[in-house]
Amino acid sequence: MTRERLGLGLREVEPSPVPSVPTVSLAHSLQQALHGAVFPLTAEQLTWVARENDAPPHVVSLLGSLPRGRFPSVETVAHALEHAAA
344 MTRERLGLGL REVEPSPVPS VPTVSLAHSL QQALHGAVFP LTAEQLTWVA RENDAPPHVV
404 SLLGSLPRGR FPSVETVAHA LEHAAA
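Here the numbering used here is used: the first residue of the sequence shown is 344, the next is one more, and so on.
What follows is the structure in structure tokens.
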């Protein structure tokens, strides 16, 4: 490092900027994955709809892990997934 750079307050190695990665909520991901779904649906049907909507693999996997039964809305799907993660 030169004295000139030191005088300017520059460090030898400047930190690289951290890229900002948008955080997408589970509810938003589910809304996109299940767009156009006609409820009530089973976990298997939810997974199929998500695949048809080109949902990310982690969302499809989450839907596939849901318990048996019929889900009357996206909100109940989100609720079931949040409780499964806890």
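All C-beta atoms, glycine included, are put in the ideal place defined by N, C-alpha and C.
For residue i, which residues in the same chain have their Cβ closer than 7 Å to its Cβ, ignoring the five residues on either side in sequence?
i: Ala441; result: The requested residue 441 is not part of the displayed model; the chain covers only 344 to 429.
i: Arg433; result: Nothing can be reported for residue 433, as the shown portion of the chain is limited to 344 through 429.
Shorter than 8 Å from the beta carbon of residue i to some beta carbon of chain C?
i: Leu405; result: In the structure shown, chain C does not exist; there is a single protein chain.
Go through its chain and collect everything with a Cβ distance to residue i's Cβ below 6 Å, but skip five positions before and after it.
i: Ala398; result: Ala376
i: Arg413; result: Pro383, Thr385
i: Val392; result: Leu377, Ala380
Using alpha carbons as the reference points, say which of the options lies closest to residue i.
i: Glu387; options: Val381, Thr419, Pro400, Ser408; result: Ser408
i: Ala428; options: Leu405, Pro415, Asn396; result: Leu405
Which whole runs of the alpha helix (DSSP H) in the region 368-425 are 4 residues long or more, in chain order? Runs found: 369-376, 386-395, 400-407.
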